[in-house]
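These notes are about the structure you will find just below.
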DNA sequence: GTCTATATCTTGATAGAC
DNA sequence: GTCTATCAAGATATAGAC
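Here it is in structure tokens:
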């Protein structure tokens, strides 16, 4: 039985928007059904329960914001390393700014993760991907003698913290030049006369 | 009529914990009353509605995490500036780590703020306090020629993003040395041969 | 696949006695 | 101030016809 029909996609897309607008709890099957234009019990043909449906949405959400999705180590060159790192950060900031639902949905999933270990575990994976991912990236830069090994891990984590939190700050205050913050963060990490043991 | 009784405090403290454990929606008046050891309608003697009560808790929560609460510009000296900044950050990290409910409650309020402008407005105030606060702090350091004016605003914002997000990351992964990340971030900002125009 | 009808539970809130 | 009793609304989920 093939269940990846248009109806199923319509339910998931509509739910994504309704979660952003009203939160998970208030995005009821009644509301979703009304918005999609079907009856409430029809949703149960595609999903076992509301929990099941929310979790499938969550899995899809996570796969689209992985470290690898944005930062591919193979695309970095010795000559343009920091410039490329700045550019990829810009793309990430832009992509999240272009999806008006992204921030709200993220906040909903984060509050879910605070109380549910399934969600929490997935977020831990995601976070460690970013922490380790930036570390691998800077190690590559160190191989090319672009930065020293000293404090390399801490620098990687600073970049992870900054790029991650820019999205949160953007939601509340859009008068700040976040691209410039990211650019400065990368430049500080790649300073020639940087921190030394 | 004096309503700041022990019962009122018990209700608020219990609610704070229950929100951390079950989220705002599932922290029902029935559950709160049971936990406090009173009947459900008794809560209405102290609060007009659930919204009223949650918002009062939110106001108290916000006042306890203001920039001024941690970073008082008058306590910084020319000789020990960066060391003091590192130390105050350590205290902030420690204080949040000591309250096991803090992170979860914060996530709940953030998801509320995504859909309610009253909450959102208060969070914007808080965020701008931190952004402006760090900027004022670095301006003071610049007056003392401890850092150049170039990229000063961006550096201040980097510090705000890092210290704020450390709390979020700590919740998911406690194997990372977050104190060292903060220390490195401050050191990068205060590098003698830093960024220049 | 999609529907109508309905069961069951939980919620925030009120009435009114003491 | 605190209680018992109760209401109306909204939630998830199921039964069963088409």
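Residue numbers (the UniProt record's numbering), protein chains in the order written: chain A, 1 to 197; chain B, 1 to 197. Yeah, the Cβ is synthetic: ideal placement off N, Cα and C, and Gly gets one too. No experiment lies behind these values; they were computed from the predicted model shown.
Proximal residues to residue 167 of chain B (C-beta, below 7 Å), its chain only, five neighbours per side dropped
96 and 103
**OP:** Just confirm the distance between the C-beta atoms of residue 147 of chain B and residue 138 of chain B, as a whole number of angstroms; I'd bet it's less than 8 Å.
**Re:** 6 Å
Residue-level contact to chain B via CB, residue 161 of chain A, 7 Å cutoff: yes
**Asked** For a contact meaning CB atoms closer than 8 Å, what does residue 127 of chain A contact in chain B?
**Response** The answer, in chain order, is 169, 172 and 173.
- Task: Could you list which residues in chain B have their beta carbon closer than 9 Å to that of residue 108 of chain A, in chain order?
- Result: 111 and 114
- Message: Counting beta carbon pairs with one atom in the stretch 19 to 31 of chain B and one in the stretch 87 to 94 of chain B, are three or more of them shorter than 8 Å?
- Response: no
**Request:** Have a look at residue 16 of chain A and residue 51 of chain A and give me their C-alpha separation to the nearest angstrom.
**Result:** One C-alpha to the other measures close to 14 Å.
* Using a Cβ-Cβ distance under 7 Å, would residue 195 of chain A count as near chain B? -> yes
What are the boundary residues of the alpha helix (DSSP H) that residue 115 of chain B is part of?
-> From DSSP, residue 115 of chain B is part of no alpha helix (DSSP H); its letter is neither H nor E.
Report task. Please name the residue in A/12, A/13 and A/78 whose C-alpha comes closest to that of residue 145 of chain A. Result -> A/78
*Tell me, please, whether the CB atom of residue 157 of chain A is closer than 7 Å to any CB atom in chain B?*
yes
Test: residue 32 of chain B CB closer than 7 Å to a CB of chain A = no
Grab the span of the alpha helix (DSSP H) containing residue 38 of chain B for me, first residue to last. It is not in any alpha helix (DSSP H) - residue 38 of chain B carries neither H nor E in the DSSP assignment.
Taking 7 Å as the limit between beta carbons, can you name the residues of its chain near residue 39 of chain B, skipping five residues before and five after? Counting only Cβ-Cβ distances below 7 Å, and skipping sequence neighbours, we find 33.
Measuring CA to CA, which of A/10, A/63 and A/110 is closest to residue 42 of chain A? A/10
Open item on the list: Quick check: the Cα distance between residue 45 of chain A and residue 7 of chain A, rounded to an integer number of angstroms?
Closed with: 10 Å
ask   = Cα separation between residue 1 of chain B and residue 172 of chain B?
value = Confidence at residue 1 of chain B is low in this model, with a pLDDT of 48, below 50, so its placement is unreliable and the value that follows should be read with caution. In a straight line, the C-alpha of residue 1 of chain B is about 45 Å away from that of residue 172 of chain B.
Does DSSP put residue 194 of chain B in a helix, in a strand, or in coil? coil
#### Entry: Of the residues A/84, A/101 and A/165, the one placed nearest residue 186 of chain A, counting alpha carbons only
A/84
ask   = Along the chain, which unbroken stretches of the beta strand (DSSP E) at least 3 residues long are found entirely within the stretch 18 to 70 of chain B?
value = none
Problem set entry | For residue 169 of chain A, the first and last residue of its enclosing alpha helix (DSSP H) | 152 to 172
- Measure the alpha-carbon distance for residue 132 of chain B versus residue 71 of chain B and round it to whole angstroms. 12 Å
Proximal chain A residues relative to residue 123 of chain B, where beta-carbon distance stays under 8 Å:
Within 8 Å Cβ-Cβ: 172.
TODO: Indicate whether at least one CB of chain A lies closer than 7 Å to the CB of residue 184 of chain B.
DONE: yes
Worksheet item: Under the three-state reduction of DSSP, which class applies to residue 82 of chain B: helix, strand or coil?
Response: Here residue 82 of chain B sits in helix by DSSP.
Need the endpoints of the alpha helix (DSSP H) that residue 147 of chain A sits in, please. Bounds of any alpha helix (DSSP H) do not take in residue 147 of chain A, whose DSSP letter is neither H nor E.
Original post:
Just by C-beta distance, which residues in the stretch 132 to 153 of chain B are closer than 9 Å to chain A?
Top reply: 151 and 153
**Request:** Could you tell me the boundaries of the alpha helix (DSSP H) in which residue 184 of chain A lies?
**Result:** Note, residue 184 of chain A: alpha helix (DSSP H), 178 to 189.
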